[in-house]
Every structure is written in C-alpha cells, then in structure tokens.
Amino acid sequence: MIVTKKHPGQDTVLFDGECRFCQRQIALLRRLDLRRRFIYTSLHEPSVATDFPELSIEQLQEQMFVIDTHGIARGGATAVRYLSRKLPLLWPLAL
Numbered sequence: 025m026i027v028t029k030k031h032p033g034q035d036t037v038l039f040d041g042e043c044r045f046c047q048r049q050i051a052l053l054r055r056l057d058l059r060r061r062f063i064y065t066s067l068h069e070p071s072v073a074t075d076f077p078e079l080s081i082e083q084l085q086e087q088m089f090v091i092d093t094h095g096i097a098r099g100g101a102t103a104v105r106y107l108s109r110k111l112p113l114l115w116p117l118a119l
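Going letter by letter, the sequence shown gives residues 25 to 119 in our numbering.
Following this line, the structure appears as structure tokens:
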C-alpha cells in the first residue's frame with residue numbers, strides 16, 4: 025500500500041481509460057456500484073498526476089488502484105479485494 029498526500033472526499037478508482045478491457049471492467053463496476061460509493065477516473069486525466077504524484081505512470085499502467093478517503097492507495101488484487109468489500113454484489117469475492 026502507498027499513502028498519498030491527497031485524501032479524496034470519496035474512494036477513487038484509477039484505471040487506464042485507453043485500455044478496452046479496463047473500460048469494460050469499470051463499466052461493470054459502475055453498474056454494481058448501486059450507492060455510487062466510488063469515483064472512477066482515468067489515469068490519463070491531468071488531475072491524477074497532480075493529485076497523486078506518489079503513483080508513477082508505470083504503476084498506474086500496470087494495475088488499477090483504489091485510493092480511499094484516508095489517502096491509502098491499494099493496487100491490483102488488493103484493490104479488487106477492497107472493492108469487493110465495499111460493493112455488496114461483490115461480497116462473495118471478498119472471502
């Protein structure tokens with residue numbers, strides 16, 4: 025886990041908005057996120073580099089990250105597990 029200086033007001037999912045696979049997965053997550061608990065932001069948005077300089081472009085291109093409201097950044101499988109704990113329809117994956 026990486027701690028960022030920025031603490032977003034809402035849990036934020038960073039993903040590769042130019043990757044078709046990533047786009048499809050985020051579209052699915054948005055449908056499962058019934059309570060709109062997450063903000064979904066492409067790593068290509070200019071604000072990502074300024075808001076989360078602790079995460080390199082290489083890291084962001086390798087895996088999805090979730091930054092919680094405390095500034096803790098979780099990547100890859102750890103991010104998926106975090107998402108599955110927050111989205112009731114994914115609870116079976118959290119086990």
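Think of the CB as a built atom: it goes at the ideal place given N, C-alpha and C, for glycine as much as any other residue.
Practice task
Indicate whether the contact test is met: 3 or more Cβ pairs, each with one atom in the stretch 106 to 117 and one in the stretch 57 to 65, closer than 8 Å.
Solution key: Inter-segment contact for the stretch 106 to 117 and the stretch 57 to 65 is present: three or more beta-carbon pairs are separated by less than 8 Å.
Practice task
List the endpoints of the continuous beta strand (DSSP E) containing residue 66.
Solution key: What you label residue 66 is simply residue 42 of the sequence shown in a count that begins at 1. Residues 62 to 66.
Practice task
Would you mind giving the Cβ-Cβ distance between residue 35 and residue 90, rounded to the nearest angstrom? I have them listed as a contact below 8 Å.
Solution key: By one-based count along the sequence shown, residue 35 stands at place 11. By one-based count along the sequence shown, residue 90 stands at place 66. Between residue 90 and residue 35 the Cβ distance is about 6 Å, and since that is below 8 Å, they are a contact.
Practice task
Could you check the C-alpha separation between residue 88 and residue 63 for me, to the nearest Å?
Solution key: One-based indexing of the sequence shown puts residue 88 at position 64. One-based indexing of the sequence shown puts residue 63 at position 39. If I take the Cα positions, the gap works out to 13 Å.
Practice task
Give me the Cβ distance between residue 72 and residue 113, rounded to the nearest whole Å; I'm assuming they're in contact under 8 Å.
Solution key: By 1-based counting over the sequence shown, the position of residue 72 is 48. By 1-based counting over the sequence shown, the position of residue 113 is 89. Residue 72 to residue 113, Cβ: 27 Å. No contact.
Handout entry: Distance between residue 75 and residue 33 (C-alpha atoms, nearest Å)
Key = Mapped onto the sequence shown, residue 33 falls at position 9. Mapped onto the sequence shown, residue 75 falls at position 51. So the two alpha carbons sit approximately 12 Å from each other.
Handout entry: Element boundaries [beta strand (DSSP E), containing residue 102]
Key = As a position in the sequence shown, residue 102 is number 78, starting the count at 1. Element bounds for residue 102: not the beta strand (DSSP E) but the alpha helix (DSSP H), 100 to 110.
Practice task
In the DSSP assignment, find the beta strand (DSSP E) that holds residue 57 and state where it starts and stops.
Solution key: Reading the sequence shown from its first residue, position 33 is the one you call residue 57. Here residue 57 belongs to no beta strand (DSSP E), and DSSP marks it neither H nor E.
Problem - Beta-carbon proximity check, residue 68 vs residue 86, cutoff 8 Å - result: By one-based count along the sequence shown, residue 68 stands at place 44. By one-based count along the sequence shown, residue 86 stands at place 62. Result no, Cβ atoms of residue 68 and residue 86 do not sit closer than 8 Å.
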